[in-house]
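One structure is given below, encoded as structure tokens.
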Amino acid sequence: MGSLVALPLLGAMVPALTATGRTAASPISRLGFFYAPNGMFLPNFHPTGNGGRDYKITRILSPLKDYREQMIVVSGLSNNGLVSPNEGGGVHTRAHGGWLSGVLPKRTEGADIEAGKTVDQFAADVLGKDTSLRSLELTTESNFTVGNCENGYSCTYQNSTSWRSPTTPLYHERDPRVVFQRLFGDGGSVEARLAQMQTDRSILDSVTDSINQLERKLGPSDRVMMEEYLDAVREIERRIQRTVQNNASGPLPTAQQPAGLPDTYEEHVDTLFEMLVLAYQADITRVSCFQMARELSGRTYPHIGVPEGHHTVSHHQLNPHNIEQYTKINIHQVSLFSKLIDRMHNTPDGDGSLLDHSIMMYGTGMGDGDHHTPYNLPVILVGGGSGKMKGGRHIKYAMHTPFMNLGLTLLDKVGVQVDSISDSTGLLTNL
């Protein structure tokens with residue numbers, strides 16, 4: 002069976018898209034959700050004052066300073082439904098398990114898990130109708146779904162940010178090789194895919210003649226865009242091949258380090274981000290959910306001066322040293338996210354860029370990690386939303402405004418109408 006390669010949205014495709022209502026004047030909308038664990042030190046995240054355009058960029062927001070005019074910082078929102086006096090422990094699990102649904106997860110270690118349908122999946126119901134993948138879920142963590150991960154809560158709740166229904170969590174993929182094959186690999190049998198994985202030959206080699214024929218029919222700007230896109234696909238292939246070669250030449254990988262995983266956390270995140278941008282660019286998917294790390298993450302970051310575990314320093318107890326270490330991790334993760342924003346800003350899309358036609362939300366399920374409450378959640382929104390998002394602002398809502406009001410509002414911005422989600426009370430004003 003022949004190979005297939007997804008292509009970027011080219012200007013030459015616009016007439017064909019007109020029939021489906023997607024033109025340069027009505028660009029495709031993309032939506033992405035990015036989860037960071039263990040809360041943040043809020044005084045170093047939220048700007049001071051009552052909101053508006055004249056806010057000061059805080060330390061944690063500083064990696065995104067170049068995108069101030071395309072960024073909205075939101076404060077005052079809370080996932081009030083995730084607080085239950087009868088639940089006791091398990092606050093990390095509840096914060097993550099209900100982040101995008103506002104629904105308190107059922108306490109169980111068994112298969113009878115239950116939470117809520119998430120905002121991204123409401124979006125995928127509509128935006129995913131015209132794409133090969135209705136949504137794309139990625140993570141840097143190993144996935145395990147059995148057993149008790151915190152105070153009687155199934156591990157599923159910590160490993161699935163996205164839920165298609167109250168009882169259907171979506172598997173988040175961590176292996177770049179698997180993601181690459183899913184997005185760009187041969188569409189044939191399992192045997193054909195395995196054969197492809199065992200060769201260093203680029204999947205692009207098998208479609209070279211078709212690409213050359215197509216390029217001869219394209220205008221100059223489309224040819225440039227096509228070459229940039231194909232170069233990016235080749236670079237991802239080279240990264241994956243290098244990783245496989247490194248794993249093959251060294252000791253056998255442990256169960257926690259399967260072949261295909263980059264050597265460092267930063268390279269892992271960056272490789273997955275690069276593939277996500279290509280998936281958006283090729284219109285393979287329009288909705289994504291990305292887990293920077295799972296709740297209770299004890300990952301250390303000695304290369305940025307934090308040898309202590311993330312979860313440990315999040316329990317800062319107002320100790321200056323712990324606050325500084327906690328803040329360094331918060332800044333580092335936002336800086337990784339900023340590289341995704343760089344790529345989207347530099348990727349042409351219709352009459353603008355991918356960033357112009359997207360809304361990327363970065364946040365966490367707890368406010369301050371030392372308090373363990375889902376109040377005053379850190380929220381960053383970046384992107385133009387096809388003209389529906391006006392950046393350069395800090396918007397401060399009344400404390401305990403339902404976080405799900407934001408979910409409803411983002412869905413509305415991308416043309417998805419939902420009456421209510423969990424404890425939502427309506428659309429947010431001024432967003």
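Okay, so the sequence shown: first residue is 2 according to the working numbering, each after it adds one.
Positions of the beta carbon are idealized from the N, C-alpha and C atoms, including for glycine.
Please read all numbers here as calculations on a predicted model, not as lab measurements.
Close Cβ partners of residue i (< 7 angstroms) along its chain, the five nearest in sequence each way excluded
i, result
"F338", "F35 and Y363"
"S1", "Given a span of 2 to 432 for the chain in the structure shown, any question on residue 1 remains unanswerable."
"Q318", "D371"
"V164", "The identity of residue 164 in the sequence shown is Trp, whereas the question assumes Val. Counting only Cβ-Cβ distances below 7 angstroms, and skipping sequence neighbours, we find S102, A116, G117, K118, T119, Q122, P170 and L171."
"K414", "I360, G386, K389 and M390"
"P435", "Residue 435 lies beyond the residue range present for the chain, which begins at 2 and ends at 432; the question has no answer from this structure."
"T426", "P403 and N406"
"S166", "K118"
Cβ-based neighbour list, residue i, same chain, cut-off 6 angstroms, excluding 5 preceding and 5 following
i, result
"G388", "none"
"G33", "S289 and M361"
"E70", "G392 and G393"
"L83", "R95, G99, L105 and P375"
"R202", "Reliability fails at R202, whose pLDDT of 49 lies under 50, so the model's placement of it is uncertain and no value is given."
"L341", "F274"
"T168", "E115"
"M400", "G77"
"I305", "K329 and H333"
Euclidean distance between Cα positions of residue i and residue j
i, j, result
"F181", "D284", "15 angstroms"
"Q326", "V92", "22 angstroms"
"H373", "F404", "16 angstroms"
"G148", "L355", "40 angstroms"
"A124", "R300", "31 angstroms"
"G89", "P44", "27 angstroms"
"H322", "S63", "20 angstroms"
"A116", "T313", "27 angstroms"
"V419", "L219", "40 angstroms"
"M293", "N331", "11 angstroms"
"S423", "E309", "37 angstroms"
"P349", "T365", "29 angstroms"
"F46", "S336", "13 angstroms"
"L428", "S421", "9 angstroms"
"D131", "V307", "44 angstroms"
"G53", "N431", "10 angstroms"
"L134", "L279", "13 angstroms"
"Y68", "G111", "44 angstroms"
"S27", "Q334", "33 angstroms"
"N347", "G353", "10 angstroms"
"K329", "H311", "10 angstroms"
"N264", "H97", "Correcting the residue identity first, residue 264 is Asp in this sequence and not Asn. One C-alpha to the other measures close to 27 angstroms."
Distance between beta carbons of residue j and residue i, contact taken as under 8 angstroms
i, j, result
"R344", "P38", "About 23 angstroms separates the two Cβ atoms, so there is no contact after all."
"S76", "N377", "6 angstroms"
"N152", "H173", "Not confirmed; about 22 angstroms, so no contact."
Proximity below 8 angstroms, CB of residue i to CB of residue j
i, j, result
"M41", "P379", "yes"
"Y266", "T141", "yes"
"L65", "I381", "yes"
"L184", "M276", "yes"
"L78", "L407", "yes"
Closest residue to residue i among the options (Cα-Cα distance)
i, options, result
"N87", "S76, I73, R69 and K107", "K107"
"I396", "S27, N45, S30 and D55", "D55"
"A270", "Q418, D176 and L184", "It should be pointed out that residue 270 corresponds to Val in this sequence rather than to Ala. When only C-alpha atoms are compared, the closest one is D176."
"D113", "S155, L134 and G103", "S155"
"N80", "K340, M72, G368 and L134", "G368"
"R287", "L137, P221 and G77", "L137"
"R31", "L412, C150 and G111", "L412"
"D357", "S166, V383 and H333", "V383"
"Y398", "G50, I324, I305 and T109", "G50"
"S161", "F291, E268, T272 and P263", "F291"
"I443", "N347, I61 and P28", "Coverage of the chain is limited to positions 2 through 432, which leaves residue 443 absent and any answer about it impossible."
Any non-hydrogen atom of the ligand COA within 7 angstroms of residue i CB
i, result
"L277", "Summarising the ligand content, the structure contains no ligands, and the ligand COA is consequently not present."
Contacting residues, own chain, Cβ-Cβ under 8 angstroms from residue i (five flanking each side not counted)
i, result
"C150", "T94, C156, Y158, Q159 and L297"
"V417", "F123, A124, D126, V127 and L128"
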